[in-house]
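Chemist: Below: one structure in C-alpha cells.
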Amino acid sequence: MRAIIKASAEPGLTVTDVPEPECGANDVLIRVHHAGVCGTDVHIAEWDEWAQGRIRPPVVVGHEFAGEVVELGAGVGDQFHIGQLVTAEGHIVCGHCRRCRTGNGHICTNTSIIGVDRDGAFTEYLAMPASNVMPLGNIPTTVGSIMDAIGNAFHTVLTADIPGNTVLVAGCGPIGCFAVGVARAAGATKVIATDINPFRLDLAGKMGADVLIDPSSEDVVKRVFDETDGEGADVVCEMSGHPTALAQSFQAARLGGQVQLLGIPKEPVTINFSTDIIFKGLTVYGVIGRRMYDTWLQMQTFLSSGLFDPMPAVTHTFPLEDIDKALEAIHSGNAGKVILEIGSK
Ligand code: ZN
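Counting from 0, one number per residue, gives the positions in the sequence shown under numbering that gives the first Met the number 0.
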C-alpha cells in the first residue's frame, strides 16, 4: 500500500510502498479516506531538534485521519461494523497508570502516538485499538480527519467558562481558528482574535471572530481592555506559544479570569507572575491532547448537530502523492488546515 514515511534521519518525507498492517485481536482495521496535515508533520519533515530526539525512522507519518472500518479483530465485539465511518484518538495510552486510572489518559506517562512513536495514518490502511476508535455518524470523513486538531481546540475552550463571556484567542493557526468557532458555538458574547498573519486573521473572521487584531500594528492589551469596558477578557486561549503573545495573554485577562495555554514556546518564557497572574487571581490551564473521551463526545455533539463547522478554516486538499505541496502550503503561511485525500470515495 502507498504511504508517506520518514525513511531516514534527515530532512524530507518519502512516498513509497509499505506492507499492509495486521489487524490484532483488539484492533479495528481502517481504510483511510482523508488525513489532516499537522505542524507536527512539518517538524518531522524538516527534521528539527524535537524530531531528531523523538522519531525513530523508518516510520509512517501522520496522526489525523478518518476512514472506513474494513476488518474487526476477534476480541472487538459488536460496537463497530464493516463499512462504518470512523476516526480515532491518535494517542494510544496504557490504561493502567495512575493518570489513566483517574480519567486523565491525556497525560498518560506511557503514551504512544501514531505517526510519531509508531506507524501512522498517511497511508491506505491503519490498525487502531478499538478503544481509540470513534464513530463519525453523520460527520463526513473530511471533517473526521481533522478531529484530532479540532479536539485540541475543544479541549482548550470548553475547559473554561464560555457562555456569556468574552474570549480572546491569541494566535490563529488552524487550532486557533477552530477555537474561535468553538467559543462562538458555546455562547461567548464576544470573540477577539489576534494574529500577525493577515491570511490567518481573515480565516478567524470567517470562523466567527467579532474583533480581529494584528499585534504587529496594534497594542493588543489596550484594544482588549477597550473592547471589554476596561475589564479584560474573561477567558484567554493562548494558541501561538510566542513569548510576546504569552505575556500579553496574562495581561489581557480580567481579574479572576482564566488563561488556557495550548501554544508551545520553543524556549523558557519570562512572565511577571506577581502582577500578571497571582495578584490578578488568574486560573491557568495547560492543554495537552484531548481529554479521553469527554472532549471527543463534546466534539461529536457539536459537529453532528451543526453547531460548529470547521470547514471555513480548511483551505487546501492534496492527494497523498503531493505531500511536498501540502507542506509547502503550510510553510507559506497562506494556509489554514490542509487535508490529504487518500482513499476517499
Ligand atoms: Zn496510562
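All C-beta atoms, glycine included, are put in the ideal place defined by N, C-alpha and C.
Cβ-heavy atom distance between residue 90 and the ligand ZN below 7 Å?
Modeler: no
Chemist: Are there any heavy atoms of the ligand ZN lying less than 7 Å away from the beta-carbon of residue 96, as far as the coordinates show?
Modeler: yes
Chemist: Comparing the CB of residue 109 with every heavy atom of the ligand ZN, is any distance shorter than 7 Å?
Modeler: yes
Chemist: Taking 7 Å as the cut-off, is the CB of residue 76 close to at least one heavy atom of the ligand ZN?
Modeler: Incorrect: residue 76 has no Cβ contact closer than 7 Å to the ligand ZN.
Chemist: How many angstroms separate the CA atom of residue 76 from the CA atom of residue 84?
Modeler: 17 Å
Chemist: Enumerated in chain order, which unbroken segments of the alpha helix (DSSP H) with a length of 4 residues or greater are wholly contained in the region 27-59?
Modeler: 38-45 and 48-53
Chemist: Going along the chain, which unbroken runs of the beta strand (DSSP E) with 3 or more residues stay wholly within the region 119-206?
Modeler: If we require 3 residues or more, the beta strand (DSSP E) runs fully inside the region 119-206 come out as 124-128, 132-134, 165-169 and 189-193.
Chemist: Locate the beta strand (DSSP E) running through residue 328, then write down its first and last residues.
Modeler: Not the beta strand (DSSP E): residue 328 falls in the alpha helix (DSSP H), residues 322-331.
Chemist: Within 10 Å of its beta-carbon, does residue 147 have 16 or more other beta-carbons around it, so buried, or fewer, so exposed?
Modeler: buried
Chemist: Run the proximity test for residue 104: is its beta-carbon closer than 7 Å to any non-hydrogen atom belonging to the ligand ZN?
Modeler: yes
Chemist: Quick one: give me the first and last residue of the beta strand (DSSP E) that residue 318 is part of.
Modeler: 313-318
Chemist: Is residue 66 helix, strand or coil by DSSP?
Modeler: If DSSP states are grouped into helix, strand and coil, residue 66 belongs with the strands.
Chemist: Just to confirm, are residue 118 and residue 59 a CB contact at a threshold of 8 Å?
Modeler: yes
Chemist: Report yes if the CB atom of residue 277 is closer than 8 Å to the CB atom of residue 283, and no otherwise.
Modeler: no
Chemist: For residue 105, which three-state DSSP category applies?
Modeler: helix
Chemist: With respect to the beta strand (DSSP E) encompassing residue 5, which residues constitute its N-terminal and C-terminal limits?
Modeler: 1-5
Chemist: By alpha-carbon positions, which one of 38, 198, 18 and 304 ends up nearest to residue 125?
Modeler: 18
Chemist: Under 7 Å: does the beta carbon of residue 93 sit that close to some heavy atom of the ligand ZN?
Modeler: Result yes, Cβ under 7 Å from the ligand ZN.
Chemist: With respect to 7 Å, is the separation between the Cβ of residue 236 and the closest non-hydrogen atom of the ligand ZN below this value?
Modeler: no
Chemist: Out of curiosity, what's the CA-to-CA distance linking residue 333 and residue 198?
Modeler: 6 Å
Chemist: Does the ligand NAD have even one heavy atom less than 7 Å from the beta-carbon of residue 99?
Modeler: By its list of ligands, the structure shown excludes the ligand NAD, since it contains just the ligand ZN.
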